[in-house]
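K.L.:
With numbering that gives the first Met the number 0 as the guide, the letters of the sequence shown map in order to residues 0 to 142.
Backbone N, C-alpha and C fix where the C-beta goes; we use that ideal spot for every residue, glycine too.
Below is the structure I would like to discuss, written out as structure tokens.
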Amino acid sequence: MRGQRWLRILAGVLTVVVGLSLFAGCSFYKVKEDGEALTYDICDDTMLPEELLSVINSKKEEPFNLTYSNNTYTYIVICSGRQNRDDVGVVVDKMYMDENAIYIESVLRQTATPSDAVSKDTVSYPYIVLRIARTTTPVVFKN
Numbered sequence: 000m001r002g003q004r005w006l007r008i009l010a011g012v013l014t015v016v017v018g019l020s021l022f023a024g025c026s027f028y029k030v031k032e033d034g035e036a037l038t039y040d041i042c043d044d045t046m047l048p049e050e051l052l053s054v055i056n057s058k059k060e061e062p063f064n065l066t067y068s069n070n071t072y073t074y075i076v077i078c079s080g081r082q083n084r085d086d087v088g089v090v091v092d093k094m095y096m097d098e099n100a101i102y103i104e105s106v107l108r109q110t111a112t113p114s115d116a117v118s119k120d121t122v123s124y125p126y127i128v129l130r131i132a133r134t135t136t137p138v139v140f141k142n
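In structure tokens, the structure reads:
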């Protein structure tokens, strides 16, 4: 009798612990379709911290998104990975902020025309880095 009671208490505690661990760190919020427009800089490699540039170069074979912050800025990186052509680039269609997050809509778009003498045998790793004032607001990538 005493053993069964102990098992029921243990099962109840485990259920509560597992339930809490499933929801720990999660936050639910509605994603809006627009909000406050943000001002940002598009950075070339010379404007990037060495550590960030190193991370980009090590990951650029595969598509990825990331944010990186230093004491002054937050950098938002969108990379499309290896492309078997050099006439495409990452373009930001929309970037806005609401009370929950910063939202970025981007696309891989052709950036050159056939008259630009683009070689179809060239490999590229298109990415874009946006720089904004330092923030801890989460970034939601919609690409």
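1) Less than 8 Å separating the beta-carbons of M94 and E35?
2) Per DSSP, what are the beta-bridge partners of T73 in this structure?
3) Beta carbon of D86, beta carbon of S105: below 8 Å?
4) Need the endpoints of the beta strand (DSSP E) that E104 sits in, please.
5) Look at the alpha carbon of Q109 and the alpha carbon of C78, and state the distance between them as a whole number of angstroms.
6) On a CA-only basis, which of R133, Q82, I131 is nearest E61? Give me that one, please.
7) Name, in chain order, the residues that DSSP records as bridge partners for E35.
8) Comparing alpha-carbon positions, which option in V139, I101, Y67, V122 lies nearest E49?
9) Starting from V54, trace the alpha helix (DSSP H) in both directions and tell me its first and last residue.
10) Let me check one thing: in DSSP terms, what residues is Y126 bridge-paired to?
11) Can you tell me the Cα-Cα spacing of S26 and T136, whole angstroms?
12) Among the candidates I41, N70, S123, whose CA atom is the shortest distance from the CA of N56?
13) On the three-state DSSP scale, how would you describe D40?
14) Buried or exposed for V16, please, with buried defined as at least 16 other CB atoms from any protein chain shown within 10 angstroms of its CB.
P.N.:
Quick look at the numbers:
1) No.
2) S68, I131
3) no
4) 101-109
5) 15 Å
6) Q82
7) M96
8) Y67
9) 49-58 is the extent of the alpha helix (DSSP H) around V54.
10) C78
11) With a pLDDT of only 43 at S26, under 50, the local geometry of the prediction cannot be trusted, and the value read off the model is given with reservation. S26 and T136: Cα-Cα distance of roughly 13 Å.
12) S123
13) strand
14) Annotation note: pLDDT 48 at V16 (below 50); position unreliable, coordinate value reported separately. So V16 ends up on the exposed side.
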